[in-house]
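Every position in the sequence shown, counted from 1, becomes a number in the numbering used here once 414 is added.
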Amino acid sequence: MKTIPLFLLMLASPSFATDISVGHGPGYDFQTITGAISAAHTGDDILVAMSTYSVASGETFPLTLKNGVRLT
415 MKTIPLFLLM
425 LASPSFATDI
435 SVGHGPGYDF
445 QTITGAISAA
455 HTGDDILVAM
465 STYSVASGET
475 FPLTLKNGVR
485 LT
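This is the structure in structure tokens:
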């Protein structure tokens, strides 16, 4: 039986989950929840700052989450 080095398995596996921040102003990854959802991958958490999110601020409704993406 052959063994595959761990680093090769890591290269072949999907990317690791990340936290994606959403908020109005500097320091956030995205200004809209819609943009964050578009960029998210399975396992990612979208962290939404307290604010008002509307069509006027660039959101597209209804919001539809991807499988395995969590909105908090």
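No residue lacks a Cβ here, since even glycine has one placed at the ideal position from N, Cα and C.
>> If contacts are defined as beta-carbon pairs under 8 Å, then D443 and S452 qualify, I think. What distance do you get, rounded to the angstrom?
In response: In the sequence shown, residue 443 corresponds to position 29, counting from 1. In the sequence shown, residue 452 corresponds to position 38, counting from 1. That belief does not hold up - the Cβ atoms of D443 and S452 are roughly 12 Å apart, past 8 Å.
>> Can you check which of these residues, T478, G437, T446, is closest to A463 by C-alpha distance?
In response: Here the question's residue 463 lines up with position 49 in the sequence shown. Measuring C-alpha to C-alpha distances from A463 to each of T478, G437, T446 identifies G437 as the nearest.
>> For G441 and S465, I'd like the C-alpha separation in whole angstroms.
In response: Taking the first residue of the sequence shown as position 1, residue 441 is located at position 27. Taking the first residue of the sequence shown as position 1, residue 465 is located at position 51. Going from the Cα of G441 to the Cα of S465 covers about 15 Å.
> Between V483 and the rest of its own chain, which residues show a CB-CB distance below 6 Å, the 5 nearest in sequence each way excluded?
Replying inline: Mapped onto the sequence shown, residue 483 falls at position 69. Cβ contact annotation for V483 (same chain, cutoff 6 Å, sequence separation greater than five): A454, D458, in chain order.
> What do you reckon, are the CB atoms on T396 and L477 nearer than 9 Å?
Replying inline: Outside the shown range of the chain, which is 415 to 486, sits residue 396, and nothing can be said about it.
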